[in-house]
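What follows is one structure encoded as structure tokens, with my remarks underneath.
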Amino acid sequence: MDKVVASAAEAVADIGDGASLAVGGFGLCGIPSVLIGELHKLGSTNLAVVSNNCGVDDCGLGVLLRDKRLRLVTASYVGENKEFARQYLEGELEVHLTPQGTLAEKLRAGGAGIPAFFTATGVGTQVADGGMPWKYGADGQVEKESQPKETRTFGEGDDAKDYVLEESIVTDFALVHAAKGDRHGNLVFNLSARNFNPLCAMAGKTVIAEVEELVEPGDIHPDEVHLPGIYVQRVVALTPDQVEDKRIEKRTTREAEGAAK
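Just so you know, we're using UniProt numbering here: the sequence shown kicks off at 1 and counts up by one.
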């Protein structure tokens, strides 16, 4: 039952070329940066990544992106990563842009064993009708695009509404970051880090969690557990320095009251 491994390098050692990964985080909040760093050192390439976004140019998944380790990214938005946008538009990377709520449910449903579901999000757009650019050629022309999805009407009369069928997501591995975890893999996430980390963990066949605070089984009250240990296979305890090393995606400040002009 003890799922703690000695190091992050050991935890990711079997993630090989061509693997698919669900990676937690929201912007730069709650990203498993230590695990991503060790995966970068490992040298694995041709990876297919599912994540809300792709970090920034020099942090998070942006590190793998920068060195051309990713072949496919399924995400909600390009965000602040200029290299992500460049690789997509210049035909170096395949990108499946997905509505944020739909992406979250695709991950959750995959973990729950639900192969597909209907949602109203995207009906009447390229999300349902097809034609969304997935990959550009070097000449700037669309080389690969999304295909039409099944749509169906549910309800009767004034309550009738169209829905589009979305397939769920299951990946080979999932990398997540938690504020607290025990040796059995039960995890607790902090604030916005709870957005995508639990869902990514549910979707991964092998789940690796880096935790800021490692505690013993029983130290986390059952009612406080955000993700049960049944979903987690490996736990890595971060060092104090690794815990403190957190980036701010966009720093905004204002003058203190009474400060000299």
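Every residue gets a Cβ at the ideal spot worked out from N, C-alpha and C, and that includes glycine.
Source: prediction; values computed, not measured.
Have a look at the DSSP bridge pairing and note the partners of residue i.
i, result
"LYS180", "VAL188, GLU213"
"PRO133", "GLU145"
"HIS96", "THR74"
"ASP162", "THR153"
"SER20", "ALA48"
"ALA174", "ALA22, VAL207"
"VAL4", "VAL235"
"VAL56", "CYS59"
"CYS167", "The identity of residue 167 in the sequence shown is Glu, whereas the question assumes Cys. ALA116, per the DSSP bridge assignment."
For residue i, collect the residues of the same chain with a Cβ closer than 8 Å to its Cβ; drop the 5 residues on either side in sequence, then sort them by chain order.
i, result
"LYS3", "ARG183, HIS184, GLY185, GLY229, VAL232, GLN233, ARG234, VAL235"
"ASN81", "ASN53, CYS54, GLY55, VAL56, ASP57, GLY62, LEU65"
"GLU83", "ASP57, GLY62, LEU65, ARG66"
"ILE248", "LEU28"
"LYS41", "ALA9"
"GLN147", "GLY130"
"GLU224", "VAL188"
"GLY16", "SER44"
"PRO99", "SER76, THR121, GLY122, VAL127"
Could you name the residues of the same chain whose beta carbon sits closer than 7 Å to that of residue i, not counting the 5 residues immediately before and after it, in chain order?
i, result
"GLY101", "THR121"
"PRO133", "VAL142, GLU145"
"ASP219", "ASP182"
"PHE189", "GLY30, ALA178, ALA179, ASN197, PRO198, HIS226"
"ALA109", "PHE117, SER168"
"LEU89", "TYR136"
Output yes if chain C places a C-beta closer than 9 Å to the C-beta of residue i; else output no.
i, result
"GLU244", "Going by chain labels, chain C is absent from the structure shown, which holds only one protein chain."
Provide the residue span of the beta strand (DSSP E) that contains residue i, from first to last.
i, result
"ARG152", "151-154"
Where do the N-terminal and C-terminal ends of the alpha helix (DSSP H) with residue i fall, by residue?
i, result
"PRO8", "The sequence given here places Ala at residue 8; Pro does not occur at that position. Element bounds for ALA8: 8-11."
"ALA120", "Neither: ALA120 is in no alpha helix (DSSP H) and is coded neither H nor E."
"ALA89", "The sequence given here places Leu at residue 89; Ala does not occur at that position. Unbroken alpha helix (DSSP H) run through LEU89: 82-89."
"SER33", "33-42"
"LEU61", "61-66"
Please go through the same chain and pick out, in chain order, the residues whose beta-carbon is closer than 6 Å to the beta-carbon of residue i, but skip the five residues on each side of it.
i, result
"GLY18", "ASN46"
"GLY137", "GLY91, GLU143"
"GLN242", "VAL34"
Is residue i near the ligand SAH, going by C-beta to nearest heavy atom under 8 Å?
i, result
"ALA9", "No copy of the ligand SAH occurs in the structure displayed, which carries no ligand at all."
Could you tell me whether the segment 143-151 touches the segment 187-200, using the rule of 3 or more Cβ pairs below 8 Å? The answer is no - the segment 187-200 does not touch the segment 143-151, with fewer than three Cβ pairs under 8 Å.
Contact the segment 198-212 vs the segment 7-27: 3+ CB pairs below 8 Å: yes
Note down, one range per segment and in chain order, each beta strand (DSSP E) of at least 3 residues found wholly within the segment 199-259. Positions of the beta strand (DSSP E) runs, each at least 3 residues long and wholly inside the segment 199-259, are given as 204-215, 234-237 in order along the chain.
Is there contact here, the segment 27-45 with the segment 5-13, by at least three beta-carbon pairs under 8 Å? yes
Are at least three pairs of beta-carbons, each pair with one atom in the segment 202-215 and one in the segment 172-183, less than 8 Å apart? yes
Check whether the segment 61-72 touches the segment 38-49, taking contact to mean three or more Cβ pairs, one atom from each stretch, closer than 8 Å. yes
Assess, as a yes-or-no matter, whether the segment 107-119 is touched by the segment 153-165 under the definition of 3 or more beta carbon pairs within less than 8 Å. yes
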